[in-house]
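Protein chains in written order, with my numbering: chain R, 2 to 333; chain U, 2 to 333. Heads up, the beta-carbon is just placed ideally off N, CA and C, and yes, glycines get one too. As the structure is a prediction and not an experimental result, all values here were calculated from the model.
Protein chains: 2
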Amino acid sequence: MVTMSDVAREAGVSMMTVSNVLNGHRRVVAPTRDRVLTAIEKLGYEVNLTARHLRSGRTDTIALIVPSFHDYFSEVADRIAPIVEASGRHLVLERTGARPESEIESLSIARLQMYDGVVLSVAGLDRERLESVRTRAPIVLLGEREVPARFDHVRLANEEGARLATAHMLARGSRRILVLGGAPGETSGMASLRRAGWEAAHRAAGVPADGALVVPVTTYSARESREVLGGLLEAGLRVDGIFAVTDTVALGAMAALADRGIGVPDDVQVVGFDDLDVGKYLSPGLTTIDPNHDEVARSAIRLLERRMAGDDDPPERVVVPVRLVVRGSTRP
Amino acid sequence: MVTMSDVAREAGVSMMTVSNVLNGHRRVVAPTRDRVLTAIEKLGYEVNLTARHLRSGRTDTIALIVPSFHDYFSEVADRIAPIVEASGRHLVLERTGARPESEIESLSIARLQMYDGVVLSVAGLDRERLESVRTRAPIVLLGEREVPARFDHVRLANEEGARLATAHMLARGSRRILVLGGAPGETSGMASLRRAGWEAAHRAAGVPADGALVVPVTTYSARESREVLGGLLEAGLRVDGIFAVTDTVALGAMAALADRGIGVPDDVQVVGFDDLDVGKYLSPGLTTIDPNHDEVARSAIRLLERRMAGDDDPPERVVVPVRLVVRGSTRP
DNA sequence: CTGGCGAATTTTAGCGTTAAACTAGGCCAG
DNA sequence: CTGGCCTAGTTTAACGCTAAAATTCGCCAG
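This is the structure in structure tokens:
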């Protein structure tokens with residue numbers, strides 16, 4: 002391995018001069034710099050990032066830690082990457098598999114040292130476990146759970162989005178709107194916030210909201226959604242609208258309806274949440290809530306940059322506004 | 002920051018003993034070990050992975066470097082992660098955006114030092130640029146391009162898959178089968194291999210293959226696919242089968258057909274390639290080629306483990322077999 | 001009782017880099 | 001001509017850890 006001291010010897014300067022050429026921290030006069038650059042070229046030297054990190058404390062790397070590499074998360078990841086790279090840093094993704102212990106482990110001191118900052122998409126962790134994370138490393142949390150007040154946090158306007166989705170179907174004639182993935186009984190988290198929006202839309206429209214139409218989906222997968230809805234339809238449940246708490250759930254729901262020849266939007270209107278790309282290409286196209294991935298990405302990185310700059314203002318909580326995207330799965 | 006020497010002082014032992022307790026490399030007698038563990042607990046010590054890496058040379062981390070975090074790549078990534086974790090290592094993802102310079106940079110000495118091994122999904126790099134990568138770090142390449150002989154390489158049975166897809170439609174009556182994303186004129190790479198399979202199926206069936214039916218799609222996105230196919234149909238092109246070189250392209254094609262009220266599979270049969278999850282939930286379901294993501298993941302990690310173990314046998318080239326998955330977008 | 005051995009632990013010597021302090025020498029105001 | 005200051009570069013001293021060599025000590029065969 003070629004080290005900096007090899008380069009220094011070759012160029013006839015001290016190691017510090019080589020370091021200065023590479024980092025540009027101090028002025029190095031042109032002829033000296035050229036000799037160093039020539040030596041680097043000749044020997045094929047590249048800096049050892051681990052040694053630099055140990056000595057300087059910087060890694061110039063940001064981690065995005067997500068439950069899985071799928072769906073919503075790959076959307077956000079693909080948008081965060083360019084923003085991070087624009088600031089000359091490097092982005093890496095890690096995966097927790099939504100296991101609380103993995104999320105905690107990824108917030109361990111050992112792992113946080115590897116990064117200048119971390120964006121953690123919280124899926125499996127409850128507030129209590131997050132409380133116990135003791136660290137002053139720059140962290141921004143992403144996601145729809147309640148989190149301790151000391152963290153910066155970016156989340157969506159879940160309730161508002163669900164309200165928009167539901168009101169849209171109510172205005173177009175639906176009177177029995179299923180909340181697929183609705184978490185009956187829960188009081189926090191993504192599913193219950195979205196259910197609350199469904200309730201709010203009913204209140205505003207003066208239509209009674211039937212609690213029996215709130216149906217849980219534990220994995221939020223298309224497969225489970227298709228099975229659950231299919232079972233309900235077989236059992237004789239009649240609905241004329243479906244608010245699916247995610248587009249993936251909506252995808253399964255559309256499949257379950259198609260399986261039974263139920264027409265969308267004529268017999269049943271469907272609205273999802275997430276504006277995944279796939280929604281544009283279904284037939285009919287999926288009406289959904291656009292959660293503004295760009296804005297989520299920008300906010301998360303803005304908050305992170307602030308922390309990394311050493312700012313210790315009180316944590317900020319950003320609620321990203323959402324909007325309804327109308328496609329063919331709801332009536333004109 | 003609590004360091005190992007703080008722990009050593011607290012426990013009344015040398016730093017080396019603390020290190021031995023943590024690594025288990027040497028015997029430490031029970032009472033001593035307990036004192037060390039108590040001190041670690043009391044001080045909240047965690048090892049500094051950067052320092053360990055600099056000294057020991059190991060990172061216990063593997064990188065998967067992909068063009069984007071979407072589609073095919075998130076499928077593979079979600080399958081590689083558990084395999085890597087099972088061996089006590091850690092997986093991180095990096096993204097190149099399919100830019101050749103990013104892929105080369107990710108193979109730079111500086112970046113390779115950060116990982117014990119790298120799985121690189123090659124998208125933008127041609128063979129020549131890969132030749133110039135000088136490194137002995139464990140690397141396994143993934144993907145459908147030609148790569149230099151000195152690399153381990155895992156790829157799909159592209160031609161065979163395309164042949165299966167095309168033969169399936171020919172056997173069910175299609176006579177004018179479009180290759181959407183077919184790279185006319187190219188002689189290597191995913192698209193041309195798949196086009197070759199389309200040709201082979203025609204030869205085997207004794208049906209002439211019309212070169213005008215090979216239509217390129219530069220981004221392999223659903224959006225572009227929908228536009229390109231839509232344009233051709235508007236221009237009066239008549240086809241009775243579409244082999245889309247990826248499921249994402251197939252998704253766009255299905256949308257273009259639906260846009261014009263063309264029935265699938267009655268008017269036009271469609272087959273994709275990749276077996277993305279979404280294909281199961283379309284109506285009709287997408288007949289596709291299952292590229293066996295599990296086997297790709299297992300092979301890649303097997304080859305990587307071998308290199309990391311210091312084996313210097315000649316590089317291996319694995320071709321993962323594929324199979325046809327029949328759903329509703331082709332006729333019974 | 002002594003020498004040799006093995007087990008447990010410590011000492012030594014960096015891994016490759018950079019922050020901070022220091023030096024050498026030229027320049028210029030007073 | 002002297003003292004202060006600036007520029008370009010060097011020296012020193014870590015960053016926190018572990019491989020390898022060295023030490024200590026109890027034990028036992030001869």
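- Judged by their CB atoms, Val323/R and Ala202/R are not nearer to each other than the 7 Å cut-off.
- At a C-beta separation below 7 Å, Gly253/U has these neighbours in chain R: Tyr282.
- Distance between Val77/U and Pro292/U, taken at the CA atoms: about 10 Å.
- Taking C-beta atoms as the reference points, Val93/U and Ala64/U count as a pair closer than 7 Å.
- A Cβ-Cβ contact shorter than 7 Å links Gly286/U with Arg328/U.
- For His169/R, the enclosing alpha helix (DSSP H) starts and ends at 159-172.
- When Cβ-Cβ separations below 7 Å define contact, Phe244/R makes no contact with chain U.
- Of the candidates Gly25/R, Ile178/R, Ile41/R, the residue whose Cα lies closest to the Cα of Asp7/R is Ile41/R.
- If you look at Gly242/R, you'll find it in the beta strand (DSSP E) that goes 242-245.
- Annotation: the segment 202-237 of chain U contains the following complete segments of the alpha helix (DSSP H) (minimum length 4 residues), in chain order: 223-235.
- Here the alpha carbon of Ala150/U sits roughly 7 Å from the alpha carbon of Pro316/U.
- For Ala111/U, the C-beta contacts it makes with chain R under 8 Å involve Glu47, Val48, Asn49, Leu50, in order along the chain.
- Annotated three-state conformation of Ser122/U is strand, per DSSP.
- Cβ contact annotation for Ala184/U (same chain, cutoff 7 Å, sequence separation greater than five): Gly190, Ala192, Ser193, Arg196, Pro217, in chain order.
- DSSP places Ala40/U inside the alpha helix (DSSP H), whose first and last residues are 31-44.
- Residue environment analysis places Glu235/R among the exposed positions, since fewer than 16 neighbouring C-beta atoms fall within 10 angstroms of its C-beta.
- Closer than 7 Å at the C-beta level to chain U, one finds these residues of the segment 66-81 of chain R: Ser69, Phe70, His71, Ser75, Ala78, Asp79.
- Under the Cβ criterion of 7 Å, Ala256/U is counted among the residues facing chain R.
- Within the segment 209-221 of chain U, no residue places its CB atom closer than 8 Å to a CB of chain R.
- Taking C-beta atoms as the reference points, Thr51/U and Thr51/R count as a pair closer than 7 Å.
- For Leu92/R, the chain U residues whose C-beta falls within less than 8 Å of its own C-beta are Glu95, Arg96, listed in chain order.
- Each of Asp61/R, Ala168/R, Glu102/R was checked against the Cα of Val119/R, and the nearest Cα belongs to Asp61/R.
- Along the segment 12-44 of chain R, none of the residues has a CB nearer than 9 Å to a CB of chain U.
- Taking the Cα of Asp267/R as reference, the smallest distance to any Cα among Gly174/R, Ser109/R, Arg53/R is reached at Gly174/R.
- Residue state for Ala184/R is assigned as coil, using DSSP reduced to three classes.
- Here Ser103/R has Thr97 as same chain residues with Cβ atoms under 6 Å from its own Cβ, once five neighbours each way along the sequence are excluded.
- At least one C-beta of chain U is nearer than 7 Å to the C-beta of Val279/R.
- Non-local C-beta neighbours of Ile263/U in its own chain, meaning closer than 7 Å and more than five positions away in sequence, comprise Val269, ordered along the chain.
- Within chain R, no residue has its beta carbon less than 9 Å from that of Arg128/U; the closest one is some 21 Å off.
- Shortest Cα-Cα distance from Ser330/U to any of Arg318/U, Ala256/U, Val320/U involves Ala256/U.
- Here the alpha carbons of Leu325/R and Ser57/U stand approximately 54 Å from one another.
- Shown here for Val29/R: same chain residues with a beta carbon closer than 8 Å to its own, the five before and five after excluded, namely Thr18, Asn21, Val22, Val37 in chain order.
- The C-beta distance from Ala301/R to Ile81/R rounds to 7 Å, short enough to fall under 8 Å.
- Inter-segment contact for the segment 161-168 of chain U and the segment 214-233 of chain U is absent: fewer than three beta-carbon pairs are separated by less than 8 Å.
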